[in-house]
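Protein chains in written order, with this note's numbering: chain G, -2 to 245; chain F, 240 to 536; chain U, 344 to 618.
Let me begin by presenting the structure, written as structure tokens, before commenting on it.
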Amino acid sequence: MQEIYEWFRWLNEATGINLTIVYDSYDRERMIDGFVNTIYLSLVCLGFSVIIGIVGAWLQGSPLKWTRRLVNGYIQLFRNTPPLVQMYFFFFALGSLMPRVENEWGIMEPILSNWHWAILSLSFFAGSFNVEIFRSGIEAVPKATVEAAEALGYNRLQTYVYVVLPLALRVCLPALNNNLVNLVKTTTLAYAIAVPEMLYVANQIWSDSLNVPEMMTFLLFAYVLLVGLLVMVMNKWERSMRLPGFGA
Amino acid sequence: MAKRHDVYGTTDLPVLLPAAERLNRQAAAERVLGAPKLRLRAWHGLALAAVIVLWTSFVWAQADGAGNEQQESVISAIWRWLPVLLGGFVFNIAISFLSMGIGTVAGTLLGIMQISQVWPVRGSSWLVTQFFRNAPWLVLLFFCMFLLPFEFTVFGVTIPFPDWIKAVIGLALPVMANVSEIVRGAIQSIPSGQWEAAHSLAFSRWQILSQIILPQCVKRMLPPWMNLYAILTMATVLASVVGVGEVMTLTQRVLAAENRPEFLVPFYGFVMLLFFAYCYPIARTTQKLELRYAVKQ
Amino acid sequence: MKTRILAAATALAASFAVGAPATADTLQNVMQSGTLTVGVKADYKPYGYLDSDGNIVGIEPDLAQDVADTLGVELELVAVVASNRMQFLDQGKIDVMIATMTDTAERREVVNILNPDYYSSGTNIMARKSTDFETWDDLEGAPVCGVQGAFYNRKTSQEFGAEIVGFTGTSEALNALRQGRCAAFVYDDSFLNSRLQEDQWSDYNMPLETIDDAPWGVAVKHGEDAMARFMSGMVVHWHTTGQIVELEKKYGIDPVPFTRKMHERYRGYIPEAKK
């Protein structure tokens, strides 16, 4: 390990290519944390956005007009405004209205941190797309299939869990995967509200070490690889889940 | 790889309702576009405006409550800064036009290269397309902002390269990749029988493409292309992060000058409203075009 | 007015005497085109900020105007931020930079920071009076807001153990501080001082000893010797006449010890300046 660090230090002296994230232990730890944070942020938001999608799709089927309108309003608001502005709006506007608790520094701190708001706003942003995806998926399951399940003695919940959802999920999968890949790319915006993900950390490092080209190149390839890997896994999953007798 | 993008075929088996097919078609289209579709209605804009008015009055009430009668109201502050903010927004629109123009020209070429019969051309254009589709927009923007030179000297002529042009290029790159996929998808959606028929009439490959295939594609490409434009317009705020003087940058400077934290909400809300007001007619037109062309297919 | 012309003339004479290089230099270009482009901050009240017409105003724009007036050319201001100002200068987008830039040895390698420096500030924190930070080490483990790109962020987190929460601009960081998202805000003491004079920040103070007090320098591109000498002359002239102290008063902040000290020192530099 030490030799590798030395080699990168030598690289800096010899060529000026300054990859502090390899040989400087402080920068290295920051960047590893940033990478972990990006993955963590992506996974948590993926999970929440799927839950929001399922719940939203269920609410959209509500017989109450105003419930449906509320869900529709939410979808439109989040789809049609820039997510960066949404994030600022969430964090600075709604954030200041939260109840406060005293922290160990004797300050009344709002209960939700920048992490929470980043997760919330990204999840709701991606969730607004998931709602329609899931609703169409559920609509695609024929009534006859549900009736057949009932005839076999399934109750409502069982029908939903064992019959409707597995079918709907397979139908939604291509659209859902597109959206989730977009979500991972969108996590970079959390940078604006000081969530220490990869872009944020890279920015700190190039401010300190003035090595912008190196950090930028590293960042670009890191994201392309990360997203490329995700696309590959998703496509594999999609193929393995494809419904027989349906699709090309 | 290409097969995934095709419109899914139908089946005689009554496994799923037509909605499934519609969803799959939409998914295929979205995959081509790399981004989901927008759907807007008139009342959404009104609702957003109402929300902002409520916010401002709320903030106003708060300011009154704090006993700061001498302080200016939020509405008059926005009014006072309106020329500055609108000027910034026009800049956003200008950036979006230029990025879209450059991205469309480059993307169309790249898309045609993707169906080339020469495999190195096909492979490399596929790689370029995938690379720029998978990179986050913000990272691409940072990349162009910091790594492009301030001016180019070509044959003794110095061409200046201010940062808004860098932002235009930074945004044009993902647009190019997405347009490339739109073009490739549209070309491949034209039945191969047309190629064969034209071939038998002694058309060359280029003639078939330019005179028969591409004119048909324009219609199919228009809705996703306009949708991409709306997404691009919303992405122009990202240029603020790299210091271009567009509406978000100006809003931040205004907020720094005003130095009244309670202004953050209404000012950011106002920016949201501006974008909504601009994207709404585009989304409406896109929807109409989609419906019109869907019937003829 | 007399001293200004005198100082500028001295500087100009000096610059021409040593011989401007045959290639067109920045100063020559400025004189020929009739426009001087100066990089200043636009989010750093009162040193450089936006007025409601969208113009950049403040102490540094006023200084830039003085330079343009002395040369008899038009002034064009370009808003810069910490992360791009040196690149702008290097690329020739701006002729001169007067943008709250701390004079450090590393930066002197990248751009030509002129002697003497024109201002000075150190690093301090702004915190609610109820918090009891007494030394920098008390910040250990505390969430501390900052602005991305500031050089002391790393030091604050690495040496004092604070958790830096870096925002993109000062208004965001101040808002986060007010919301109670951080225990303190670490930034230039000159900026914090001018905030603390506002009513809305009356519950806050600057509890720590200012560290890293370092001067701010006017910068030009390396190799632009004529411009460098002329600008050095301008800075000397500002200290001689006490113009910076006056501008501090005009924009409602207490003159920092550095500007007062420099004014004292330079007052006798040109006899006419004595009144």
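Just so you know, even glycine gets a beta-carbon here, dropped at the ideal spot from N, CA and C.
Just so we're clear, the structure is a prediction, and the values are computed from it rather than from any experiment.
query: So the alpha helix (DSSP H) G/Cys42 belongs to, where does it begin and stop?; result: 22 to 57
query: Looking only at DSSP bridge pairs, what is U/Met440 linked to?; result: U/Gly382, U/Ala562
query: Using a Cβ-Cβ distance under 7 Å, would G/Pro79 count as near chain F?; result: yes
query: Given that U/Gly397 touches chain F, what residues does it touch there, using C-beta distances under 8 Å?; result: Pro322, Val323, Gly326, Leu489
query: Taking the alpha-carbon of F/Trp403 as reference, which of F/Phe514, F/Val422, F/Val329, F/Gly432 has the nearest alpha-carbon?; result: F/Val329
query: Please compile the residues from chain F whose C-beta is within a distance smaller than 8 Å of the C-beta of U/Tyr594.; result: Under the 8 Å cutoff, chain F gives no residues; its nearest Cβ is about 13 Å from U/Tyr594.
query: Taking its Cβ as the centre, do 16 or more other Cβ atoms sit within 10 Å of F/Leu380, making it buried, or is it exposed?; result: buried
query: What would DSSP say about U/Glu419, mapped onto helix, strand or coil?; result: strand
query: Using the beta-carbon count (16 or more within 10 Å), is F/Thr475 buried or exposed?; result: buried
query: Less than 7 Å between the beta carbons of G/Cys169 and G/Ile116, yes or no?; result: no
query: Going along the chain, which residues of its own chain have a beta-carbon closer than 7 Å to the beta-carbon of G/Val334, five neighbours each way excluded?; result: As displayed, chain G neither begins before -2 nor continues past 245, which places residue 334 of chain G out of reach and without an answer.
query: Whole angstroms is fine: what's the gap from U/Ala442's alpha carbon to F/Leu386's?; result: 22 Å
query: With distances taken from CA atoms, which of F/Val414, F/Ser355, F/Val360 is nearest F/Arg372?; result: F/Val414
query: Could you give the DSSP three-state label for G/Tyr2: helix, strand or coil?; result: helix
query: Could you tell me the distance, in whole angstroms, from the CA atom of U/Pro550 to the CA atom of U/Phe528?; result: 11 Å
query: Have a look at F/Thr525, F/Val504, F/Ser419 and flag the residue whose alpha-carbon is nearest the alpha-carbon of F/Ala469.; result: F/Thr525
query: Flag this pair as touching only if the stretch 212 to 228 of chain G and the stretch 501 to 509 of chain F have three or more C-beta atom pairs under 8 Å; answer yes or no.; result: no
query: Determine the direct distance from the alpha carbon of G/Gln57 to that of G/Ile135, and round the result to whole angstroms.; result: 11 Å
query: Can you tell me whether G/Gly124 is helix, strand or coil according to DSSP?; result: helix
query: Please compile the residues from chain U whose C-beta is within a distance smaller than 8 Å of the C-beta of F/Leu387.; result: Correct list: empty, because the minimum Cβ distance to chain U is about 10 Å.
query: Following a CB-centred definition, is G/Thr78 positioned closer than 6 Å to any heavy atom of the ligand ADP?; result: Looking for the ligand ADP in the displayed structure turns up nothing, as the structure carries no ligands at all.
query: Would DSSP call G/Leu177 helix, strand or coil?; result: helix
query: So for U/Thr445, helix, strand or coil by DSSP?; result: strand
query: For a contact defined as C-beta to C-beta under 7 Å, what are the partners of G/Tyr85 on chain F?; result: Tyr507
query: Please list, in chain order, the chain G residues whose beta carbon lies closer than 8 Å to that of U/Val508.; result: Asn111, Ala191
query: Going along the chain, which residues of its own chain have a beta-carbon closer than 6 Å to the beta-carbon of F/Ala305, five neighbours each way excluded?; result: Low confidence applies here, because F/Ala305 scores a pLDDT of 46, under 50, leaving its location unreliable and the question unanswered by this model.
query: Hey, could you find the ends of the beta strand (DSSP E) U/Gly489 is sitting in?; result: 486 to 490
query: Alpha carbon to alpha carbon, how far is G/Gln83 from U/Tyr530?; result: 27 Å
query: Less than 8 Å between C-beta atoms, sequence neighbours within five positions excluded: which residues of the same chain meet that for F/Leu377?; result: Leu477, Val480
query: Using only the alpha-carbon positions, how far apart do G/Leu277 and F/Phe370 sit?; result: Residue 277 of chain G lies beyond the stretch modelled for chain G, which goes from -2 to 245, so this question has no answer here.
query: With a threshold of 7 Å between beta carbons, is G/Asp30 in contact with chain U?; result: no
query: Rounded to the nearest angstrom, what separates G/Ser204 and G/Asp24 at their Cα positions?; result: 12 Å
query: Going by Cα to Cα distance, which pick from F/Glu529, F/Tyr517, F/Lys458 is closest to F/Leu325?; result: F/Tyr517
query: Per DSSP, what kind of secondary structure is U/Leu590 in: helix, strand or coil?; result: helix
query: Compute the Euclidean distance between the alpha carbons of U/Pro364 and U/Val439, then round it to the nearest angstrom.; result: With a pLDDT of only 40 at U/Pro364, under the threshold of 50, the placement of this residue in the model should not be trusted; the figure read from the coordinates follows. Using only the alpha carbons, I get a separation of about 19 Å.
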